[in-house]
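**Q** Counting with this note's numbering, you get residues 1279 to 1914 for the letters of the sequence shown.
Submitted below is the structure of interest, expressed as structure tokens.
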Amino acid sequence: MSAETKQTLGFQTEVKQLLQLMIHSLYSNKEIFLRELVSNAADAADKLRFEALTDASLLEGDGGNLRIRVSFDKDAKTVTIEDNGIGMSREEAIAHLGTIAKSGTADFLSHLSGDQKKDANLIGQFGVGFYSAFIVAEQVDVYSRRAGVPAAEGVHWSSRGEGDFEVETIDKPERGTRIVLHLKEGEEGFADGWRLRSIVKKYSDHIALPVELPKEQPAPAEGEQAPSAAEWEAVNRASALWTRPKSEIKDEEYQEFYKHIAHDYTDALAWSHNKVEGKLEYSSLLFAPARAPHDLYHRDAAKGLKLYVQRVYIMDQADQFLPLYLRFIKGVVDSSDLPLNVSREILQKGPVIDSMKSALTKRALDMLEKLSKDKPEDYARFWKEFGQVLKEGPSEDYANREKIAGLLRFASTKSGSDAQDVGLADYVARMVEGQDKLYYLTGESYAQVKDSPHLEVFRKKGIEVLLLTDRIDEWLMSYLTEFDGKSFVDVARGDLDLGALESEEDKKAQEEVAKDKEKLVARLKDVLGEDVAEVRVSHRLTDSPAILAIGDGDLGLQMRQILEASGQKVPESKPVFEFNPAHPLIERLDAEADQARFGELSRVLFDQAALAAGDSLKDPAGYVRRLNKLLLELAR
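Rendered as structure tokens:
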């Protein structure tokens, strides 16, 4: 081989760090190297199938008879993984094996916990599976040729994982990739047929093409010659898991399949496996993860289902089959009603896609509903990871709004903690006699809302109020207007009407008090002026002197803060000042004849009400000055 074809190149900095970790730190689960390399080989076969849809010559005459072979040599202390998939060119080998995107290696390194077993299982999630070979190998040789290029343009990539790698052009008659692992001292036990078979069956039984090992031959009798060439046999089922009857699939197989497609190391919380026949024909296998990926809230993050058409792999992230608020769902859909040469343009529209999306969305929501009923502790784990994403649902999916609402969880005045564990069905079941509304209060934090003056009349009457403290909650409630035929009411908005929860005597007494305090209302309106939309007697308060209510058509504090943070103009709005006529401070205020002092006291009450609502003061220095003045008067 001429010297010009051979180069020595350095690894990317992040890859060097990764290799050091693989070589020196991750010892607790070494066998995962085979899982990762077999998984990569399966991906290479899928990519070849897809590209061959438009260029059949890539199959090079073998009809697409794809397979993965795992072999070993005890004497040479090697393990070899070979596939006849898409293969790599010289440039691709340098790019894929010598460098890796920051989102892969760097994010992997940033997520390490120090727990060897947990960290080892993270490998596949960040696309760094190839490097797991260095856990057991002192040297890795990769021989590859991309489908469709001449045999003389094969590539040999080699490294000992010490900071650089060599790459040279070779002759390689067959397409695909062969990886030879030269085992480290002490790792020779992997060069064993029984051990390799058990690892393949444990981790790769779901792979949809055969994973073959040399057939075990009985020892030749005396005088007989040993077989000269290996006979191969598949050691996995080699059939797509989603095409098999559910009754034949063990839970462990579902979990291993989930880990394979999701690149996750934790078990899924639930799954839904269905086959649809009739007007439309397709199979689906959906999973609910136990933990959120690091890029859940990244707009450009990979999302969607793995798409097959007539068992032929088409794409990894087909995001047209589920709405955005279900972007955390992982799984596979295999359709018989889409053309094999399917494109993203075809997937964007059409009755077949719309029908499948509607059905798959319902399947996913049914799966989550079943999880919430059958395994509430697991659903609580799910909610902690994905609750805020699910709250995007009512605005995006009007047709399933009621079903999504049933999956939502909130804190409430009954739960006594900030745990979001109250479902709307549970709330409805606990409603007091005469209650026909669902009451809620939004705020920045549980600590702020749990003692809010807006809750006083509800505590007095024993009425439960939902406490909504996620930043998305006020926006959510603008779309979620009712549940189970009952309307939602923001207890801090408008003129509170408790309907049948108040007697006619109560309402008549309120009217009389309001009439009696008309003069005080006028004096307060004169002092507060343009800072308020209205002043009125409160029906909400039992212990506090005053509160600020939100106008019926105005934005609440959460929405105003979201708009301000995004640089958008916030519509001008003014609060309603409500006072408790029975409170001693209000009685003292009403009796104050000195108009200047009346104004000072009124301003203090207004600012205190703003602080209790979680708002900021327009004139904090003025508030402090007025409060200090009052304190000095008390000290005399």
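Virtual Cβ for every residue (Gly too), placed ideally from N, Cα, C.
Would you call the stretch 1805-1825 and the stretch 1725-1739 in contact, with 3 or more CB pairs under 8 angstroms?
**A** Touching, per the Cβ criterion.
**Q** Run through the DSSP bridge pairs and tell me what L1602 is partnered with.
**A** Translated into the one-based positions of the sequence shown, residue 1602 becomes position 324. L1602 is not bridged to any residue.
**Q** Are the CB atoms of L1474 and F1606 nearer to each other than 8 angstroms?
**A** As a first step, residue 1474 is located in the sequence shown; it is residue number 196 there, counting from the start. As a first step, residue 1606 is located in the sequence shown; it is residue number 328 there, counting from the start. Contact flag unset, no.
**Q** With C-beta atoms as the reference, is V1810 less than 8 angstroms away from F1855?
**A** The residue you call residue 1810 lines up with position 532 of the sequence shown. The residue you call residue 1855 lines up with position 577 of the sequence shown. In this structure, F1855 lies closer than 8 angstroms to V1810 by Cβ.
**Q** Does the pairing of the stretch 1881-1889 with the stretch 1899-1907 give three or more beta-carbon distances under 8 angstroms?
**A** Yes, they touch.
**Q** Quick one, are the C-beta atoms of L1625 and A1579 less than 8 angstroms apart?
**A** What you label residue 1625 is simply residue 347 of the sequence shown in a count that begins at 1. What you label residue 1579 is simply residue 301 of the sequence shown in a count that begins at 1. No, Cβ-Cβ distance for L1625 and A1579 is not below 8 angstroms.
**Q** Tell me which same chain residues have a C-beta within less than 6 angstroms of the C-beta of P1672, skipping the five on either side of it?
**A** The residue labelled residue 1672 in the question sits at position 394 within the sequence shown. Closer than 6 angstroms at Cβ, skipping near neighbours: R1679, I1682, Y1757, L1758.
**Q** May I ask you to report which of helix, strand or coil DSSP gives H1538?
**A** Taking the sequence shown and counting its residues from 1, the one referred to as residue 1538 is at position 260. Helix, per DSSP.
**Q** Beta-carbon within less than 6 angstroms of A1548's beta-carbon, same chain only, minus the 5 sequence neighbours each way: which residues are those?
**A** Residue 1548 sits at position 270 when you count from the first residue of the sequence shown. Taken in chain order, the residues that qualify are A1566, M1645, L1649.
**Q** What is the rounded straight-line gap between the Cα of I1359 and the Cα of H1484?
**A** Along the sequence shown, one-based indexing puts residue 1359 at 81. Along the sequence shown, one-based indexing puts residue 1484 at 206. Approximately 17 angstroms between the Cα atoms of the pair.
**Q** Mind checking which residues open and close the alpha helix (DSSP H) that includes F1408?
**A** If you number the sequence shown from 1, residue 1408 lands on position 130. Note, F1408: premise wrong, no alpha helix (DSSP H); not H, not E.
**Q** Hey, out of D1652, K1662, E1674, L1716, whose CA is closest to S1690's CA?
**A** Residue 1690 sits at position 412 when you count from the first residue of the sequence shown. The option with the nearest alpha carbon to S1690 is L1716.
**Q** Given a threshold of 16 other Cβ atoms within 10 Å of its Cβ, counted over all protein chains shown, does Q1846 qualify as buried or as exposed?
**A** By one-based count along the sequence shown, residue 1846 stands at place 568. Exposed, because fewer than 16 other Cβ atoms sit within 10 Å of the Cβ of Q1846.
**Q** Please tell me whether T1939 and G1365 are closer than 8 angstroms, where the distance is taken between their beta carbons.
**A** This structure leaves residue 1939 out entirely; the chain is present only between 1279 and 1914.
**Q** What residues in its chain sit with their C-beta under 6 angstroms from that of A1778, if we drop five residues either side in the sequence?
**A** On the sequence shown, position 500 is the one that residue 1778 refers to. Only G1712 meet the Cβ criterion.
**Q** Among residues of its own chain, excluding the 5 on either side of L1375, which ones have a beta-carbon nearer than 6 angstroms to its beta-carbon?
**A** Taking the sequence shown and counting its residues from 1, one reaches residue 1375 at position 97. So the qualifying residues of the chain are W1435.
**Q** If distances are taken between C-alpha atoms only, which option among L1315, E1465, S1633 comes closest to F1599?
**A** As a position in the sequence shown, residue 1599 is number 321, starting the count at 1. Answer by Cα proximity: S1633.
**Q** For I1592, which of helix, strand or coil comes out of DSSP?
**A** As a working note, residue 1592 is residue 314 in the sequence shown. In the structure shown, I1592 sits in a strand (DSSP, three-state: E or B).
**Q** Can you find at least 3 beta carbon pairs, one from the stretch 1454-1472 and one from the stretch 1331-1338, that sit closer than 8 angstroms?
**A** No, they do not touch.
**Q** Taking the alpha helix (DSSP H) that G1671 belongs to, which residues open and close that run?
**A** In the sequence shown, counting from the first residue as 1, residue 1671 sits at position 393. It spans 1671-1674 - the alpha helix (DSSP H) in which G1671 sits, taken as one unbroken run.
**Q** Report yes if the C-beta distance between F1688 and V1706 is below 8 angstroms; otherwise report no.
**A** Along the sequence shown, read from residue 1 onward, the residue named residue 1688 stands at position 410. Along the sequence shown, read from residue 1 onward, the residue named residue 1706 stands at position 428. Cβ distance not < 8 angstroms, so F1688 and V1706 don't count as in contact.
**Q** Rounded to whole angstroms, what is the Cα-Cα separation between D1573 and E1663?
**A** By 1-based counting over the sequence shown, the position of residue 1573 is 295. By 1-based counting over the sequence shown, the position of residue 1663 is 385. Approximately 12 angstroms, taken between the alpha carbons.
**Q** Using only the alpha-carbon positions, how far apart do F1412 and F1311 sit?
**A** Here residue 1412 refers to the residue found at position 134 of the sequence shown. Here residue 1311 refers to the residue found at position 33 of the sequence shown. Roughly 8 angstroms between the two C-alpha positions.
**Q** State buried or exposed for Y1532, treating a residue as buried only when at least 16 other CB atoms are found within 10 Å of its CB.
**A** The sequence position of residue 1532 within the sequence shown is 254, counting from 1. So Y1532 ends up on the buried side.
**Q** For V1813, report the span of its beta strand (DSSP E) as first-last.
**A** As a first step, residue 1813 is located in the sequence shown; it is residue number 535 there, counting from the start. Note, V1813: beta strand (DSSP E), 1812-1815.
**Q** Within 10 angstroms of the Cβ of H1576, are there 16 or more other Cβ atoms? Answer buried if so, exposed if not.
**A** Taking the sequence shown and counting its residues from 1, one reaches residue 1576 at position 298. H1576 comes out exposed.
**Q** Give the DSSP bridge partners of N1552, in chain order.
**A** For this step, residue 1552 is matched to residue 274 along the sequence shown. Per DSSP, S1562.
**Q** Relative to the alpha-carbon of N1514, which residue among E1369, V1489, G1740 has its alpha-carbon at the smallest distance?
**A** To locate residue 1514, count along the sequence shown from 1; it is residue 236. It is V1489.
**Q** What three-state label does DSSP hand R1423 in the structure shown?
**A** Stepping through the sequence shown from its first residue, residue 1423 is reached at position 145. DSSP places R1423 in strand when its eight states are reduced to three.
**Q** May I ask which residues mark the beginning and end of the beta strand (DSSP E) holding F1855?
**A** Looking up residue 1855 in the sequence shown gives position 577. Unbroken beta strand (DSSP E) run through F1855: 1854-1857.
**Q** Across which residues does DSSP place Y1718 in a beta bridge pair?
**A** Residue numbering aside, residue 1718 sits at position 440 when the sequence shown is read from its first letter. According to DSSP, Y1718 bridges with L1744, D1768.
**Q** Is the beta carbon of S1367 closer than 8 angstroms to that of V1418?
**A** Translated into positions along the sequence shown, residue 1418 becomes position 140. Translated into positions along the sequence shown, residue 1367 becomes position 89. Going by C-beta atoms, V1418 is not nearer than 8 angstroms to S1367.
**Q** Is the CB-CB distance between G1363 and L1336 below 8 angstroms?
**A** Residue 1363 sits at position 85 when you count from the first residue of the sequence shown. Residue 1336 sits at position 58 when you count from the first residue of the sequence shown. Cβ distance not < 8 angstroms, so G1363 and L1336 don't count as in contact.
**Q** Which runs of the beta strand (DSSP E) at least 3 residues long sit entirely within the stretch 1410-1479? Give them in chain order.
**A** List check, beta strand (DSSP E) in window: 1415-1423, 1432-1437, 1442-1448, 1454-1461.
**Q** Shorter than 8 angstroms from the beta carbon of L1315 to some beta carbon of chain C?
**A** The structure shown has no chain C; it contains just one protein chain.
**Q** Sorted by chain position, which residues of the same chain lie with C-beta nearer than 8 angstroms to A1888's C-beta, five sequence neighbours on each side aside?
**A** Taking the sequence shown and counting its residues from 1, the one referred to as residue 1888 is at position 610. The answer, listed in chain order, is L1826, P1853, S1894, L1895.
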